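**Student:** Before we start, here is the structure in question, set down as structure tokens.
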Amino acid sequence: MRRFPTLLVGLSLGSDDPAILAHVAALAPRLGVQRVRLLHVAAGPHDVALPIELEQAIERALESAAEVLAPLEVSTSVVVGGVALRLLQEAVQRDVDLICLGRRADGHSPSLGGSVGAIVRKAPCSVLAVPREAPVDLGRVLVPIDFSDRSREALEVALGICQAQENGALLALHAYELPLGWQKTGHDESTWSARAEEEAAQRWEEFTADLDLGDSVGFRAVRDPVSHLGTAPHGPTLIRGIEQEGPGLVVISSRGRTAGAALLLGSVAARLVNGVQRPCLVLKHKGETLS
């Protein structure tokens, strides 16, 4: 399974921090975490130093937060500047494998002062976004899939997290649409939907033929009522499906865009992070962005 040796955790020193730290502590042994960097960015001109008393108070707060993550190797840092920019700079400079952030119900991050989805698009590595006060529940993991190689990577990571939890359960969620012009074929909507779900189930069997899934892994296909000609994102449909299932963690794959093409899941990753009220782990390859 893929490993994430170095984590960067953005902390606001506010009410969202406990949920972030609890999820990092729970996921660390499952993700192969070795080092954690706790970062607080104080908004302001980057060339203006903080008053020494304030900097010391922030350092004490970060050191207190680090105690939650023992026995991991934890370091702390306080920097000044534009919050999102300094966070991304830190991620690049320290060759981070995973950025961890808190988020509010509206998709904004107190530690960023902006949208978590924007960080997902621009981050050079994977991102974990944890809603405020979200309980740690790694026994119910959901992974959206489109049967691509990258969604296979997400499935394997999700499976590793789930199997490390006693009585853990994993659900793969696939969004489909009916073919253009199905109304003119002489078959009704239910017939086409049943055919599409049967085909998706068959693809799932082929997709996972070499994996030891056991009885704890399920598959569900949900129809997108809007036709996208097979190219545009199924964001709202996936969000509804995720909220209906109520997982404790969503694992989704993402990838960098080019001018000519974009992976279906990659185009909805930022939307899911902003729209789903569940912890989301967005998997990216090191160095790629979505914008």
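What the sequence shown shows, in my numbering, is residues 1440 to 1730, in sequence order.
Each residue gets a CB set at the ideal place from its N, CA and C atoms; glycine is no exception.
Since we're looking at a predicted model, the values are computed, not measured.
For the putative contact between Val-1517 and Ala-1593, defined by C-beta atoms under 8 Å, what is the C-beta separation to the nearest angstrom?
**Tutor:** Counting from one through the sequence shown, the residue named residue 1517 turns up at place 78. Counting from one through the sequence shown, the residue named residue 1593 turns up at place 154. No, Val-1517 and Ala-1593 are not in contact; Cβ-Cβ is about 34 Å, not under 8 Å.
**Student:** Note down the Cα distance separating Ala-1557 from Arg-1533, rounded to an integer number of angstroms.
**Tutor:** For the purposes of this step, residue 1557 is identified with residue 118 of the sequence shown, where counting begins at 1. For the purposes of this step, residue 1533 is identified with residue 94 of the sequence shown, where counting begins at 1. Their Cα atoms are separated by approximately 20 Å.
**Student:** From the DSSP output, read off the bridge partner residues of Phe-1658.
**Tutor:** As a first step, residue 1658 must be located in the sequence shown, where it is residue number 219. Looking at the DSSP assignment, Phe-1658 forms a beta bridge with Ala-1611.
**Student:** Report all residues from its chain with a CB closer than 8 Å to the CB of Ser-1565; omit the five preceding and five following residues, and keep chain order.
**Tutor:** The residue you call residue 1565 lines up with position 126 of the sequence shown. Only Phe-1443, Asp-1536, Leu-1537, Ile-1538, Leu-1720, Val-1721, Leu-1722 and Lys-1723 meet the Cβ criterion.
**Student:** Examine the Cβ distances between the stretch 1469-1478 and the stretch 1445-1461 and report whether three or more of them are shorter than 8 Å.
**Tutor:** Cβ pair count under 8 Å is three or more, so yes.
**Student:** Let's test the definition: count the other Cβ atoms within 10 Å of the Cβ of Ser-1693 and tell me whether it reaches 16, buried, or not, exposed.
**Tutor:** Your numbering for residue 1693 matches position 254 in the sequence shown. Buried.
**Student:** Using the Cα positions of Ala-1530 and Gly-1578, report the straight-line distance between them to the nearest angstrom.
**Tutor:** Here residue 1530 refers to the residue found at position 91 of the sequence shown. Here residue 1578 refers to the residue found at position 139 of the sequence shown. When rounded, the distance between both Cα atoms is 29 Å.
**Student:** Report back the beta-carbon spacing between Leu-1493 and Val-1519 to the nearest angstrom; my notes put them in contact at under 8 Å.
**Tutor:** By one-based count along the sequence shown, residue 1493 stands at place 54. By one-based count along the sequence shown, residue 1519 stands at place 80. Not really, about 10 Å apart at Cβ, beyond 8 Å.
**Student:** Decide if Ser-1503 is buried, meaning its Cβ has at least 16 other Cβ atoms within 10 Å, or exposed.
**Tutor:** Start at 1 with the first residue of the sequence shown, and residue 1503 comes out as number 64. Flag for Ser-1503 reads exposed.
**Student:** Taking all protein chains shown into account, do 16 or more other C-beta atoms lie within 10 angstroms of the C-beta of His-1485, making it buried, or fewer, making it exposed?
**Tutor:** Working through the sequence shown from its first residue, we reach residue 1485 at position 46. Under this definition His-1485 is an exposed residue.
**Student:** Can you tell me whether DSSP reads Arg-1469 as helix, strand or coil?
**Tutor:** Translated into the one-based positions of the sequence shown, residue 1469 becomes position 30. Of the three classes helix, strand and coil, the one that applies to Arg-1469 here is helix, per DSSP.
**Student:** Locate the beta strand (DSSP E) running through Cys-1539, then write down its first and last residues.
**Tutor:** Counting from one through the sequence shown, the residue named residue 1539 turns up at place 100. Start and end: 1537-1542.
**Student:** Does the distance from the CB of Pro-1570 to the CB of Arg-1542 come in under 8 Å?
**Tutor:** Sequence index remark: in the sequence shown, residue 1570 carries index 131 (1-based). Sequence index remark: in the sequence shown, residue 1542 carries index 103 (1-based). Yes, the Cβ-Cβ distance between Pro-1570 and Arg-1542 is below 8 Å.
**Student:** At a cut of 8 Å, does the stretch 1592-1608 reach the stretch 1652-1659 through at least three beta carbon pairs?
**Tutor:** As far as the Cβ criterion goes, the stretch 1592-1608 touches the stretch 1652-1659, which means the pair count is three or higher.
**Student:** Around the Cβ of Leu-1524, are there at least 16 other Cβ atoms within 10 angstroms (buried) or fewer (exposed)?
**Tutor:** By one-based count along the sequence shown, residue 1524 stands at place 85. Its Cβ having fewer than 16 others within 10 Å, Leu-1524 is exposed.
**Student:** Would Leu-1612 and Val-1580 be called neighbours here (beta carbons separated by less than 8 Å)?
**Tutor:** Taking the first residue of the sequence shown as 1, we reach residue 1612 at position 173. Taking the first residue of the sequence shown as 1, we reach residue 1580 at position 141. No, the pair does not count as a contact, with Cβ atoms beyond the cut-off.
**Student:** Just tell me which of Ala-1482, Glu-1512, Ala-1505 and Pro-1583 has its CA closest to the CA of Val-1715.
**Tutor:** In the sequence shown, counting from the first residue as 1, residue 1715 sits at position 276. Selected option, being the one with the closest Cα: Pro-1583.
**Student:** Spatial neighbours of Glu-1605 within its chain, please: C-beta separation below 8 Å, excluding the five flanking residues on both sides.
**Tutor:** What you label residue 1605 is simply residue 166 of the sequence shown in a count that begins at 1. Gly-1578, listed in sequence order.
**Student:** If I measure Cβ to Cβ from Arg-1642 and keep anything under 7 Å in the same chain, skipping five residues before and after, which residues do I get?
**Tutor:** As a position in the sequence shown, residue 1642 is number 203, starting the count at 1. Phe-1586.
**Student:** DSSP beta-bridge partners for Pro-1444?
**Tutor:** The residue given as residue 1444 occupies position 5 in the sequence shown. Its beta-bridge partners do not exist; DSSP assigns none.
**Student:** Does the distance from the C-beta atom of Ala-1614 to that of Leu-1711 stay below 8 Å?
**Tutor:** For the purposes of this step, residue 1614 is taken as residue 175 along the sequence shown, with counting starting at 1. For the purposes of this step, residue 1711 is taken as residue 272 along the sequence shown, with counting starting at 1. Contact: no.
**Student:** Leaving out the 5 sequence neighbours to the left and right, which residues in its chain are closer than 7 Å to Thr-1515 when beta-carbon positions are compared?
**Tutor:** Here the question's residue 1515 lines up with position 76 in the sequence shown. Once the five neighbours on either side are set aside, the close Cβ partners of Thr-1515 are Leu-1477, Glu-1498, Leu-1501, Glu-1502 and Ala-1505.
**Student:** Do you know offhand how far Gly-1380's Cα is from Val-1661's?
**Tutor:** Given that the chain is displayed from residue 1440 to residue 1730, the structure contains no residue 1380 and the question cannot be resolved.
**Student:** On the DSSP bridge assignment, give the partners of Pro-1583 in chain order.
**Tutor:** As a position in the sequence shown, residue 1583 is number 144, starting the count at 1. DSSP lists Leu-1612 as partners of Pro-1583.
**Student:** Less than 8 Å between the C-beta atoms of Arg-1591 and Phe-1646, yes or no?
**Tutor:** Along the sequence shown, one-based indexing puts residue 1591 at 152. Along the sequence shown, one-based indexing puts residue 1646 at 207. In this structure, Phe-1646 lies closer than 8 Å to Arg-1591 by Cβ.
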